Amino acid sequence: MLNEISITHILFVSTALFFIGVYGLLTRRNLITILMSVELMLNSVNINFVAFNKYLFPEKMDGIFFSIFIIAIAAAEAAVAIAIIINLYRSHQSIDVEDASEMKY
Amino acid sequence: MSASVIIFYCISALILTAGVVAVTARKIFRAAIGLLFSLIGIAALFFWMDVNFLAAVQIVVYVGGIVVLIIFSIFLTDQSGSELPKPILKRQIFSILSVVFAIAFVCNLINRTSFYHSKDIFDTSVKRIGNAMLDTNSVGYALPFEVVSILLLAAMIGSIVIAMKSKNTKQEKLK
Amino acid sequence: MPFSSYILLIPLLPLLGFIVLGLFGKKHFNTSAGNIATLFLLISTALSLYAAYQYFFVIGLTDGRYDTIKVFDYSWLVFTENIAINIGFVLDPISVMMLVVVTFVSFIVHLFSLGYMKGEERFATYYAFLQLFTFSMLGLVISTNIFQIYMFWELVGVSSYLLIGYYFQKPSAVAASKKAFIVTRFADLGFLIGILIFAFQGNTLEFDVLIARLTNIQSPEYLSITSAGFMGVSLLTWALTLVFIGGAGKSAMFPLHVWLPDAMEGPTPVSALIHAATMVVAGVYLVARLFPLFQLDVIALNIVTYVGLLSALFAAIIACTQTDIKRVLAYSTMSQIGYMMFALGISGESEEMSLGYTASMFHLFTHAFFKSLLFLGAGAVIHFIHSNEMKDMGGLKKYMPITHFTFLIACLAISGIPPFAGFFSKEEILLAAYQSNKLVYTVALITSGITAFYMFRLYFSIFWNKETQIENHHGEGAWNMKLPLIILGVCSVLVGFIPFSNFVTANGEIFDTSFHILFSITPILFAVAGIIIATWYFRFENECPEKHSKKFGAFFKVAKKKFYIDELYLFITKKILFNLIGRPSAWVDKNVIDAGVIGSARVTGLLSEKIKGVQSGKVQDYTIYFFVGIISLAIVFLYIW
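Chains as they are written, first to last, in the numbering used here: chain H, 1 to 105; chain A, 1001 to 1175; chain V, 2001 to 2641.
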């Protein structure tokens, strides 16, 4: 079932997803949508790990474990990010990233 | 063209379309839903790749936890009403160009690399995952497991502290 | 070495005094500064006298000449193996003599200043400067090489600047100190060029090696320095003339004398020390040091002679017209130094006895005593009357008896009346002049007559002439102002009897001088004539001086205005130098150089305005830069490397 889909197809998918996430990161003005784009990037990395594990080293399970831990850490990071966004909203009354430019020249 | 190939292409299309929706939608809830479908698509891809446990974890944690969290935060920051502002044109063009260029570059790289497919059997039963997770020998993951639990504790405490209302603002709001 | 245990203390004690009083004087030592400084100088004087005794009597003659003893020679800056700046301490007849003179006169001045400068706010600073000066002058006279003497030369100039400008709240004092420093600095430029020529041609900076090389006619250095020439004159002449220019600046010879009368703005004890006895003789000392080299070149010797002679006559004429008593004494100093210079100049020509050298050094020695006595006496008078002008004085002999008596002794000494000190030294100079150059002798004789005239004009105007009634005066002065006068008076009487030619001669060999009674009659007659004319004019109050000065009319006016030399210098500097060189340079400095610097700063500012937008404070911008950077690096590493 897998002989016709080689690893490169899956890698194409994950690459495209990653760079879609990068585009979102660079373009979006709302902090929550930026967080969403970061989640997309993390997920594309997960796909990569599992694909490498399955096609190149099926006897080991390292890729799966990496993905499990990435999911756990991404959850923690999303929680902390939301907390920061809430804090920023309290001080600036907006979560537009263009408004948070105090560190400029 | 076997069924699995077609299923793979469908899943990929779902993932990528939903991803594009997530990053370009003008209304924030549409973006959140786009993200939701993208994550579900990824779980389907995991099912297709025969890692059932990971797919289940993906649905439970990502879809059921993180997307819900994001939707709560949208409510908490009063974003649910108006449309999202458009990005700056200069930045948009620059980003599109660089992203397209990057995709082309990496795909070129991937094409040129010759991967050797191994013929072994891919066994990912929960029993095996569980045994490996709590194994304390050199290929076991007991230590990262414990460390991640500490990390989760730290993240929990941290986000509570950051998001906590300080005493002055509480009193001001009471006045 | 019997000297090395104590000889370094002689210059280093005043240096220590300068450092201590300069750093801590104002706060801690303000009242006791004078006592400390005087004590240091007393020790230095005692040590110098002891060293002189050791040098001249205990070690004495070896093979009929006095040795040059280098007590101490430390290699400081070595340029090549031949040319090095050493710091050394040399003892030979003239340096030992100068050690005695400088320390003794400095000690007397320190003692006098205890009374004269009492109550000054910057008392400790004054003594610190005096100690610095004494250290520099002592360093100058003990130098072993020509660069060391140059360094101490400059130090002496600095000390003089500090002391002349001591009353810095007076603008005239500030102007005078600047003038002194600038004129001597300008002369030192010539000195430096002379040093460089000597160093290059003689291939050494040490005095003894340089003299040994250049006096040996066969040595390669002598041949190269006399064969090479510039504008038709040999390099040896140039070097000697340039060095003499440096000496002439410091010794106030014509035409570099303009700073000396103005330098009287400083306190009077300072004038006694610096501008009478020690610093102004530094030029004479320098010529005496390099005397074997001067003997090689007739042109340089002639320059020395005629400049000295002209200065002597010139100053004597001006001194007859001045009304400020310190200015009279300043011109008198210039005149006497002229005597010393031309005595050196005419000495080299006669091979045999070099009488002029000994006479010049003898006159330096005696002049130190009676000139500083004159200045200190003038200081006592100024302290009493609170004015410098002759018209405010007169009839002071009943108020200030000790000053009167010692001043009279000094005036007799400087006029050359036996048995006072000046008679012996002047008589030897005139004898040397008579033996070599009759023109010089004649002019010197006339000048000595004029000297007697103006000195006694000064004496009578202060102590006799008219009667001034002075109430509420504070007496002649404390014991520390009278005692120095008495000591110097005694010295002015006694030092004439020292047989100087037994000690100081040009080549170290001693000879005997005898007393030629018939020869001495002529100068004594000229001196007595000058005194009689002065008595007739100034003993009692009358209108003769006024009437006769009107008769001389224009000449009197020109002499009173010091022959307009100052105005000439001002014209040259202001109209010519400032306008032709100063203003264009200032314009270039402001509009070209400053504009360039300011322009580059402005361009940097503009550029930074444009670039600073990169730091926009927005995270997404930074992410873009980061992302583009990573992609570029990836491309570079994968494809190009």
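Ideal Cβ positions, reconstructed from N, Cα and C, are used throughout, including at glycine. Computed from a predicted model, the values in this text were never measured in an experiment.
- Met36 (chain H) counts as buried, since no fewer than 16 other beta carbons sit within 10 angstroms of its beta carbon.
- When secondary structure is reduced to three states using DSSP, Trp2153 (chain V) falls in the helix class.
- At a cut-off of 9 Å, the C-beta of Phe2627 (chain V) has a neighbouring C-beta in chain A.
- The C-beta separation of Pro1087 (chain A) from Thr33 (chain H) comes to about 10 Å, leaving the pair out of contact by the 8 Å criterion.
- By the criterion of a C-beta distance shorter than 6 Å, Ile7 (chain H) is surrounded in its chain by Ala51, Tyr55, once the five residues flanking it on both sides are discounted.
- Residue range 1068-1076 is occupied by the alpha helix (DSSP H) that includes Ser1073 (chain A), with no beta strand (DSSP E) assigned at that position.
- Selection V:Gly2190, V:Ala2277, V:Ala2559, V:Phe2405 evaluated against Ile2108 (chain V) yields V:Ala2277 as nearest (Cα-Cα).
- When DSSP states are grouped into helix, strand and coil, Tyr55 (chain H) belongs to the helix group.
- Here Tyr2564 (chain V) is exposed, its C-beta having fewer than 16 other C-beta atoms within 10 Å.
- Within the stretch 2400-2473 of chain V, the runs of alpha helix (DSSP H) at least 4 residues long that lie entirely inside it are, in chain order, 2401-2415, 2421-2436, 2438-2463.
- Under the 9 Å criterion on CB atoms, Leu2638 (chain V) is classed as interfacial with respect to chain A.
- At least one C-beta of chain A is nearer than 9 Å to the C-beta of Ala2634 (chain V).
- By the beta-carbon neighbour count (other beta carbons within 10 angstroms, threshold 16), Cys1010 (chain A) is exposed.
- Taking a contact as a CB-CB distance under 8 Å, the pair His2404 (chain V) and Phe2456 (chain V) does not count as one, their CB atoms being some 13 Å apart.
- Residue state for Phe2362 (chain V) is assigned as helix, using DSSP reduced to three classes.
- Only buried fits Lys2371 (chain V), as 16 or more other CB atoms lie within 10 angstroms of its CB.
- Taking all protein chains in view, the Cβ of His2386 (chain V) is surrounded by fewer than 16 other Cβ atoms within 10 Å, so the residue is classified as exposed.
- Listed along the chain, the chain V residues whose CB falls inside 7 Å of the CB of Leu42 (chain H) amount to none; the nearest CB is some 16 Å away.
- With the rule of 3 Cβ pairs closer than 8 Å, the stretch 2221-2235 of chain V counts as touching the stretch 2197-2210 of chain V.
- Contact check for Ser67 (chain H) and Asn87 (chain H): beta-carbon distance about 30 Å, past the 8 Å limit, so the pair fails to qualify.
- Not flagged as an interface residue toward chain A: Glu102 (chain H), since no C-beta distance is shorter than 9 Å.
- With contacts defined as CB atoms closer than 9 Å, Glu2265 (chain V) and Ala2128 (chain V) fail to qualify as a contacting pair.
- Secondary structure within the stretch 2574-2623 of chain V: not one fully enclosed beta strand (DSSP E) run of 3 or more consecutive residues is present.
- Tyr105 (chain H) counts as exposed, since fewer than 16 other beta carbons sit within 10 angstroms of its beta carbon.
- Residue state for Tyr2074 (chain V) is assigned as strand, using DSSP reduced to three classes.
- Taking 9 Å as the CB threshold, Gln2620 (chain V) lines the interface with chain A.
- If you look at Leu2091 (chain V), you'll find it in the beta strand (DSSP E) that goes 2084-2091.
- Taking 4 residues as the shortest admissible run, the stretch 2245-2287 of chain V contains the following complete alpha helix (DSSP H) segments, listed from N- to C-terminal end: 2259-2262, 2268-2272.
- Residue ranges of uninterrupted beta strand (DSSP E) with 3 or more members are absent from the stretch 2475-2548 of chain V; none lies entirely inside it.
- Here Glu2427 (chain V) is buried, its C-beta having at least 16 other C-beta atoms within 10 Å.
- At least 9 Å separates the CB of Ile2598 (chain V) from every CB of chain H.
- The contact set of Ala1102 (chain A) on chain V, defined by CB atoms closer than 7 Å, consists of Ile2631 in chain order.
- Residue pairing by DSSP places Glu2389 (chain V) opposite V:Asp2324 in a beta bridge.
- Taking a beta-carbon distance threshold of 9 Å, Phe1047 (chain A) does not count as an interface residue toward chain H.
- Annotation: Ile2572 (chain V) is outside any alpha helix (DSSP H) and is labelled neither H nor E by DSSP.
- Per DSSP, reduced to three states, the secondary structure at Glu2120 (chain V) is coil, with no helix or strand assignment.
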